[in-house]
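Chemist:
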Amino acid sequence: MIGPVAQNSLNIFNRLKVLQNDGKFLIIYVTNGCHECNLAYSKFVAASQPFDREEIRFGRIQHTGLAATLEIDTFPSLIYFKANSYQVNRAKIDITVDSIIQLISDVTKRDFIYMDKHYTVEVNKANFDDTLNTPRQCKLLLLYTNENKDKVEWFDDLAELFKNDDKIMFARLNVHREGELKDRFKARAFPALYWYSDDEIPRKSMYGGRFDKIEIMAFIADKTGITRQQNGALPEGAGLLKEMDELIKANKNTIASGKKMKKIVQKAKEFLEYYDDRDMQEIAEYYVYLLEEVEYHEETSVIDDERYYLIRELVDPKGPRQRELLLKKQNVVRQFFDIMGDKLLKRNSKQSPIVKAKEPRPHNHHHDKIHRHEEL
38 MIGPVAQNSL NIFNRLKVLQ NDGKFLIIYV TNGCHECNLA YSKFVAASQP FDREEIRFGR
98 IQHTGLAATL EIDTFPSLIY FKANSYQVNR AKIDITVDSI IQLISDVTKR DFIYMDKHYT
158 VEVNKANFDD TLNTPRQCKL LLLYTNENKD KVEWFDDLAE LFKNDDKIMF ARLNVHREGE
218 LKDRFKARAF PALYWYSDDE IPRKSMYGGR FDKIEIMAFI ADKTGITRQQ NGALPEGAGL
278 LKEMDELIKA NKNTIASGKK MKKIVQKAKE FLEYYDDRDM QEIAEYYVYL LEEVEYHEET
338 SVIDDERYYL IRELVDPKGP RQRELLLKKQ NVVRQFFDIM GDKLLKRNSK QSPIVKAKEP
398 RPHNHHHDKI HRHEEL
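Just so you know, the sequence shown maps onto residues 38 to 413 in our numbering.
1) Does the beta-carbon distance from L179 to L230 come in below 7 Å?
2) Do the stretch 227-242 and the stretch 327-343 meet, that is, are 3 or more Cβ pairs less than 8 Å apart?
3) Roughly how far, in whole angstroms, is the beta-carbon of K296 from the beta-carbon of I376, given that I think they are within contact range, below 8 Å?
4) Does the separation of the CB atoms of A105 and Y117 fall below 7 Å?
5) Below 8 Å on the Cβ atoms is my contact criterion, and I expect F88 with I132 to pass it. Report the Cβ-Cβ distance as a whole number of Å.
6) In the structure shown, what three-state DSSP assignment does T106 receive?
7) Write down every uninterrupted run of the alpha helix (DSSP H) in the stretch 141-225 whose length is 4 residues or greater and which is fully enclosed by it, in chain order.
8) Kindly give me the distance between the Cβ atoms of L363 and P357, rounded to whole angstroms, as I take these residues to be in contact under 8 Å.
9) Pull up the distance between the alpha-carbon of F149 and that of N161, whole angstroms please.
10) CB A208 to CB T168, shorter than 7 Å?
11) Could you check where the beta strand (DSSP E) with K241 kicks off and where it finishes?
12) Within the continuous beta strand (DSSP E) that includes I292, where are the two ends?
13) Measuring alpha carbon to alpha carbon, tell me which residue in D166, F165, D187, S114 is nearest I64.
14) When DSSP builds the beta bridges, which residues end up paired with A229?
15) Decide if D194 is buried, meaning its Cβ has at least 16 other Cβ atoms within 10 Å, or exposed.
16) Looking at A224: is its Cβ nearer than 7 Å to the Cβ of V158?
17) According to DSSP, simplified to helix, strand and coil, what is S114?
18) For R214, which of N185, Y151, E237, M206 has the nearest alpha-carbon?
19) Look up L278 in the DSSP assignment and say whether it is helix, strand or coil.
20) If you reduce the DSSP assignment to three classes, tell me which class V67 lands in.
21) At which residues does the beta strand (DSSP E) containing I130 begin and terminate?
22) Thinking just about the alpha-carbon of each residue, which of A77, E108, L351 is nearest to the one in S136?
23) Applying the 10 Å Cβ sphere with the 16-neighbour rule, what's the burial state of N26?
24) Using CA atoms only, rank isn't needed, just tell me which of N201, T182, D236 is closest to L210.
25) Count the other CB atoms within 10 Å of the CB of D313; is the residue buried (16 or more) or exposed (fewer)?
26) Could you pull the DSSP bridge partners for F62 from this structure?
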């Protein structure tokens, strides 16, 4: 006998199959309502906007029973159905606009290189609350009219610079088309920009500065800590953490010996509590990982091994976020070299350069995780 949850999951799954009878490609965002799910969803929505719904369908499912039926245990996840197929496929990609569109291109064998990609979410009455009330995510909202086409293009270009960042969402609202929503704002001259805080209940305020890229990028950096170069690339030294670097500098001789590392590793682990930002916490964990590697092998040459590992991984990263994560880790390794100097390459004199005293410890999957997914 099928229980009520399983039966409900089966009903939803059957409805998904019915959708495939029309021969359209279907991609679905699977969520359990986690914070990471809420942050990344705007990328999925933005990716969907340029597509003709008669050819490509996008959907969202928040149903843990169905997720279990599909053997999905990490969130958010993407699944897709090819046209005229009932086969469920898992998309193991970064949830970014570029990655989603590339996936659709690869599966459908169609080239979307000339598609006018959107990196902003177009807000309307149906998605207004869902979009702008997402907790713990900063948002920059452009209010515009039909006459502000140049500013819309400028805003989309600005959003593209932050296309790999979940901590901030870029959204736009056409006040001519969505007249009812216009009254929720005090602005009467357009275009206008509104900033939404990353509080549990977001607070909005009108941006009073100029429509200038450099000025607004500085504003975003001040509000969020997100810094980008003017072309969207990571800034020099991205990923370096001051507290961790100072710890290494203060203890470089001990680290160089590979001995008596316990207190240093413990202090680094205490620093983990300082970082509530997901990305910074992941890099902090990487610092700890490198120190633990030195402690385990009792030598610092493992940092050099890590350097070569990162170079190999950067040849073919799994996605744009994975690439940026690897670049940040590469900066951390370089920082070890800058601080430690020649000491970093010296092996333990008591250990054979051919046969190591201990078996290599497997990588602690730092290089495989892009998001800190929540378990079902």
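By construction, the Cβ of each residue, glycine as well, lies at the ideal position given by its N, Cα and C atoms. It should be emphasised that the depicted structure is a prediction, and the values quoted were computed from it without experimental measurement.
Modeler: Taking the structure as given:
1) yes
2) no
3) Not really, about 18 Å apart at Cβ, beyond 8 Å.
4) no
5) Their Cβ separation, rounded to whole angstroms, is 16 Å, which puts F88 and I132 out of contact at 8 Å.
6) In the three-state DSSP reduction, T106 falls in the helix class (H, G or I).
7) Those alpha helix (DSSP H) runs which fall completely within the stretch 141-225 and span 4+ residues are 165-169, 186-198, 216-219.
8) Contact flag wrong, Cβ pair sits at about 11 Å.
9) 26 Å
10) Yes, Cβ-Cβ distance for A208 and T168 is below 7 Å.
11) 241-243
12) Where I292 is concerned, there is no enclosing beta strand (DSSP E), although the alpha helix (DSSP H) around it starts and stops at 289-294.
13) When only C-alpha atoms are compared, the closest one is S114.
14) Looking at the DSSP output, A229 sits in a beta bridge with L180.
15) exposed
16) no
17) strand
18) N185
19) coil
20) strand
21) Taken as a continuous stretch (DSSP letters only), I130 belongs to no beta strand (DSSP E), as it is neither H nor E.
22) The shortest Cα separation from S136 among A77, E108, L351 belongs to A77.
23) The first residue shown for the chain is 38 and the last is 413, placing residue 26 beyond what the model contains.
24) T182
25) exposed
26) I93
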